[in-house]
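Chemist:
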Amino acid sequence: MKALAYEKAHTLDAFAITLADVAEPRPRDGDLLVEIRAIGINPGEAAIRRTRSAEPGGRVILGWEFAGVVAAVGPAVTGFAVGDRVMGTGDVTRDGSWAERVAVDHRVVARIPDGLAFTDAASLPIGVLTAWESLFRDQDALPAGVGRVLVLGGAGGVGSMATQLLKTTTPAFVISTASRPESRKWATAMGADLVVDHRGDLAGQLRAAGIDHVDLVFSTAGTSGHLGAIVEVLRPFGHLAAIDLTGSFDLEAFTAKSLSLHSEMVFSKLVAGGDVASQGRILARAVDDVVAGRLRPIVTTTLEGLTAETMKAAHVLAESGRTIGKTVIQVAA
Ligand SMILES: NC(=O)c1ccc[n+]([C@@H]2O[C@H](COP(=O)([O-])OP(=O)(O)OC[C@H]3O[C@@H](n4cnc5c(N)ncnc54)[C@H](OP(=O)(O)O)[C@@H]3O)[C@@H](O)[C@H]2O)c1
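Each residue of the sequence shown is one higher than the last, beginning at 1 in the UniProt record's numbering.
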């Protein structure tokens, strides 16, 4: 089959992902073999391209957000049949979905209805799961006492879904951040009750709106740079949930307010253990919410075709840090 693949980690300037002939995926007993129709693009995949090299003689196939059609079902699979339209993520330690076909654990997949376009479906899985697990942990609910939430990066792929999930599933007051007129407009469209600028004084903007503190900050971008402001706006015993934690952090300032830090890695249930099937359930619920009009897909840019050129264009957007909603590549109609 054809797949977009590379051998050595590389920068955007030296973009080296090419369309190659590779061996067919080898599904495990609990896998679906899925014919890919559309893929969602994530900055995390660009980060892996910059840092992960293949074993000698091997190649890396990235991509863990897709929509497609089930072509084969493993003997341990339940709930899916050949021909089902599906969307899902995958396992970051296995080959991804920037290919004609992917083998994927059925527990991180959900069926999609005929009326939901593959491109719209491919904009959902990573944002929904990352936002859900960051906000609701493994309890499917906000921490007790959380009524006011600040979403840093409210127009991005994950922030867009976080704002929507908060507004559709909780009574929380949601403040989102965005720094440009077009991202502010999008954050408002996602349902934010208030939008403030993450390039400005966050605490000052909240005070100006009559808000002296928030109970939870969900930080999707620039967390290390925002740490001082995050501590300032959180109430004692408040919560920071963050998805871009890399390197070392000085959390000393957290102790004065007895703050909690919640980390999240969307693949941790598959990689480290946990209720993997909960991810399929969360995705299925999101599909129901889309069908009922409570949740909207977030695709804003659609690129056509599984080619090195479209993938490079997608990586340029992913590395810009200015994505609004989600970039999707349509692989096949
Ligand atoms: N841990 C996990 O499991 C997991 C899962 C998914 C993603 N991630 C990571 O989470 C991060 C966000 O992912 P994403 O897909 O939402 O990214 P994205 O769509 O590329 O986010 C773009 C948005 O970030 C905002 N932004 C840029 N710089 C910012 C800053 N300093 N402070 C606040 N907002 C800023 C921009 O808003 P303006 O244009 O308005 O400035 C833009 O709308 C990435 O680092 C990604 O790798 C982690």
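The beta-carbon is built from N, C-alpha and C at its ideal position, and this holds for glycine as well.
Can you name, in chain order, every residue of its own chain whose Cβ lies under 6 Å from the Cβ of residue 336, other than the five neighbours on each side?
Modeler: Any question about residue 336 goes unanswered here, given that the chain covers just 1 to 333.
Chemist: With DSSP collapsed to three states, give me the class of residue 143.
Modeler: Reduced to three states, the DSSP call for residue 143 is coil.
Chemist: What residue range is occupied by the uninterrupted beta strand (DSSP E) comprising residue 39?
Modeler: Residue 39 -> beta strand (DSSP E) spans 31-40.
Chemist: If you follow the beta strand (DSSP E) that residue 236 is part of, which residue opens it and which one closes it?
Modeler: Under the DSSP assignment, residue 236 falls in the beta strand (DSSP E) whose first and last residues are 234-242.
Chemist: Starting from residue 215, trace the beta strand (DSSP E) both ways and give me its first and last residue.
Modeler: In the DSSP assignment, residue 215 falls within the unbroken beta strand (DSSP E) covering 214-219.
Chemist: For residue 182, count neighbouring C-beta atoms within 10 Å of its own C-beta (all shown protein chains included) and say buried if the count is 16 or more, exposed if not.
Modeler: Exposed, since its Cβ has fewer than 16 Cβ neighbours within 10 Å.
Chemist: In the DSSP output, what is residue 21 paired with across the bridge?
Modeler: 2
Chemist: Under a three-way DSSP split, which group does residue 106 fall into?
Modeler: helix
Chemist: If you follow the beta strand (DSSP E) that residue 406 is part of, which residue opens it and which one closes it?
Modeler: A query on residue 406 cannot be resolved here, the shown segment of the chain reaching from 1 to 333 and no further.
Chemist: Within the same chain, show all residues whose beta-carbon is closer than 8 Å to that of residue 72, passing over the 5 residues directly before and after it, in chain order.
Modeler: 27, 32, 33, 82
Chemist: How big is the Cα-Cα spacing for residue 150 and residue 327?
Modeler: One C-alpha to the other measures close to 24 Å.
Chemist: When you measure from the CB of residue 151 to every non-hydrogen atom of ligand 1, does any distance come out below 6 Å?
Modeler: No - ligand 1 has no heavy atom lying nearer than 6 Å to the Cβ of residue 151.
Chemist: In whole angstroms, give me the CA-to-CA distance for residue 303 and residue 12.
Modeler: 18 Å
Chemist: Out of 217, 273, 23, 329, which has the shortest C-alpha to C-alpha gap to residue 308?
Modeler: 329
Chemist: Using a Cβ-based criterion (distance less than 6 Å to any ligand heavy atom), does residue 163 qualify as near ligand 1?
Modeler: no
Chemist: Once DSSP output is grouped into helix, strand and coil, what is the label at residue 158?
Modeler: helix
Chemist: Relative to the C-alpha of residue 267, which residue among 74, 67, 213, 131 is closest?
Modeler: 131
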